[in-house]
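Chemist: I have a structure I would like to understand better, so I am pasting it below and will then ask my questions one at a time.
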Amino acid sequence: MTDARLGLTVTHRRYVPYSHAHYAGNLVDGAYALGLFGDVATEVCIQTDGDEGLFAGYSDVRFTAPIRAGDVVQVTAQVTRVGTRSRTLELSCAVVCRGRPDRSESAAEVLDPPIVAVTATGTVVVPAARVSREE
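Under full-length UniProt numbering, the residue at position 2 of the sequence shown is numbered 2, and the numbers go up by one with no gaps.
As C-alpha cells, then:
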C-alpha cells in the first residue's frame, strides 16, 4: 500500500526585496533560500499531518547559482519518504524572473528555463500526538 502523502508537492513564489541584498552586486546570502525552504516545509506538514511540524535538519545542501535582490524565486518541496513521525523532502529554489538594471532601473525578465539556485534534502518531524492513525 502506497502512502498518499508520497509525492505531495508544495510550491511558493516570492519576490526578493532589495532590503535582503547582503553582498556586492545585490547578492542575497544562502540563508535566505534556507528560510524559504522552512516556509514551504511548514505547508507540507500542515497538508500532510495537520500540524506545522519542525525542521530536523538538512543534508546535501548545494548552492549552484546566485540569488539577487529583484529576483522572483520559486521554492518547491516534494515528499519523498514518509516515516512514523518524519518526512523527507526534496527541496529546490529556482530563479524564475531576474531584474535587468543594465536596461533600466525597473527592467526585469522571465527566465526560460529558470535557474536552479539551491537544492537540498530536508527532514521534518511532526509531533506523535498529531500523527494520523493511518501510520
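For every residue, glycine included, the Cβ atom is placed at its ideal position computed from N, Cα and C.
Pop quiz: residue 136 and residue 119 are said to be a contact at Cβ under 8 Å. What is the actual Cβ separation, rounded to whole angstroms?
Modeler: A question about residue 136 goes unanswered here, because the residues of the chain that appear run from 1 up to 135.
Chemist: Whole alpha helix (DSSP H) runs in the region 14 to 53 with 4 or more residues, listed along the chain?
Modeler: If we require 4 residues or more, the alpha helix (DSSP H) runs fully inside the region 14 to 53 come out as 31 to 49.
Chemist: Please go through the same chain and pick out, in chain order, the residues whose beta-carbon is closer than 6 Å to the beta-carbon of residue 75, but skip the five residues on each side of it.
Modeler: Numbered from 1 along the sequence shown, position 75 holds the residue referred to as residue 75. Answer for residue 75: 12, 36, 40, 93, listed in chain order.
Chemist: Using CA atoms only, rank isn't needed, just tell me which of 22, 57, 49, 47 is closest to residue 121.
Modeler: Walking along the sequence shown from the start, residue 121 turns up at place 121. Comparing Cα positions, the closest option is 57.
Chemist: What does the alpha-carbon distance come out to for the pair residue 143 and residue 47?
Modeler: What is shown of the chain runs 1 to 135, which leaves residue 143 out entirely.
Chemist: In the DSSP assignment, what residue or residues form a beta bridge with residue 59?
Modeler: Numbered from its first residue, the sequence shown carries residue 59 at position 59. DSSP lists 121 as partners of residue 59.
Chemist: Below 8 Å, how does it come out for the region 57 to 66 and the region 3 to 12: are there three or more Cβ pairs, yes or no?
Modeler: Segments in contact, no.
Chemist: Under the rule that 16 or more other beta-carbon atoms within 10 Å means buried, what is residue 16, buried or exposed?
Modeler: Stepping through the sequence shown from its first residue, residue 16 is reached at position 16. The residue in question, residue 16, is buried, as its Cβ has 16 or more Cβ neighbours within 10 Å.
Chemist: Please tell me whether residue 79 and residue 85 are closer than 9 Å, where the distance is taken between their beta carbons.
Modeler: Against the sequence shown, residue 79 aligns to sequence position 79. Against the sequence shown, residue 85 aligns to sequence position 85. Not closer than 9 Å, so no.
Chemist: Determine the direct distance from the alpha carbon of residue 97 to that of residue 113, and round the result to whole angstroms.
Modeler: Counting from 1 along the sequence shown, the entry for residue 113 is found at position 113. Counting from 1 along the sequence shown, the entry for residue 97 is found at position 97. Going from the Cα of residue 113 to the Cα of residue 97 covers about 10 Å.
Chemist: What does the Cβ neighbour count give for residue 33, buried or exposed, with the cut at 16 atoms within 10 Å?
Modeler: As a working mapping, residue 33 is identified with position 33 in the sequence shown. Buried: at least 16 other Cβ atoms inside 10 Å.
Chemist: Between which two residues does the beta strand (DSSP E) carrying residue 91 extend?
Modeler: Taking the first residue of the sequence shown as 1, we reach residue 91 at position 91. Residue 91 -> beta strand (DSSP E) spans 86 to 99.
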